[in-house]
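Using the working numbering, the first residue of the sequence shown is number 269, and each one after it goes up by one.
Note that CB positions come from ideal geometry on N, CA and C, so glycine has one too.
Everything numeric in this text was worked out from a predicted model, so none of it was measured.
Everything below concerns the one structure shown next.
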Amino acid sequence: MTLKECYDMFGGDYEDVSRRLPSEKLIEKFFLKFQDDKSYENLQNALKEGDYEEAFRAAHTLKGVAQNLSFKNLGQSSSSLTEALRAKKEKPGQELVEKVAEDYEQVIKCIEQYKK
Numbered sequence: 269m270t271l272k273e274c275y276d277m278f279g280g281d282y283e284d285v286s287r288r289l290p291s292e293k294l295i296e297k298f299f300l301k302f303q304d305d306k307s308y309e310n311l312q313n314a315l316k317e318g319d320y321e322e323a324f325r326a327a328h329t330l331k332g333v334a335q336n337l338s339f340k341n342l343g344q345s346s347s348s349l350t351e352a353l354r355a356k357k358e359k360p361g362q363e364l365v366e367k368v369a370e371d372y373e374q375v376i377k378c379i380e381q382y383k384k
């Protein structure tokens with residue numbers, strides 16, 4: 269499986285990231301490092317604890333990383349969740365949280381397949 273095939277599989281934009289990161293080696297480096305990013309884990313923990321201010325920060329960070337790597341679906345869903353959490357006072361809709369989880373899992377699944 270190629271990086272481009274991975275991007276196609278999870279709703280990313282390989283052409284966009286290749287304009288931002290000038291070599292496939294560099295794209296691959298950051299693509300594989302995404303798995304180590306703690307933003308999603310921090311988001312889940314903050315939501316469980318009802319800490320919506322921290323959840324906002326984690327969702328905002330996840331959005332930024334996803335957008336920088338041109339993970340379009342994850343970038344869009346985490347952006348929607350970020351906006352829902354912006355008030356930092358109440359729990360966001362479950363459908364937003366589930367969409368981020370679905371998009372995140374798609375990316376992680378592709379990373380695992382790519383590594384094989």
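9 Å Cβ cutoff met for residue i and residue j
i	j	result
residue 375	residue 338	no
residue 330	residue 304	no
residue 371	residue 302	no
residue 359	residue 280	no
residue 356	residue 321	yes
Start and end residues, alpha helix (DSSP H) containing residue i
i	result
residue 351	340–353
residue 330	320–336
residue 277	271–278
residue 284	282–288
residue 299	292–301
residue 394	Residue 394 lies beyond the stretch modelled for the chain, which goes from 269 to 384, so this question has no answer here.
residue 316	307–317
Cβ shell of residue i (< 7 Å), same chain only, five flanking positions each side left out
i	result
residue 335	343
Sequence-distant residues of the same chain with beta carbon closer than 8 Å to residue i, five excluded per side
i	result
residue 271	282, 292, 295, 296, 299 and 382
residue 361	352
Close Cβ partners of residue i (< 6 Å) along its chain, the five nearest in sequence each way excluded
i	result
residue 368	345, 346 and 349
residue 314	322, 323 and 326
Any 3 or more C-beta pairs closer than 8 Å across the segment 299–313 and the segment 323–330: yes
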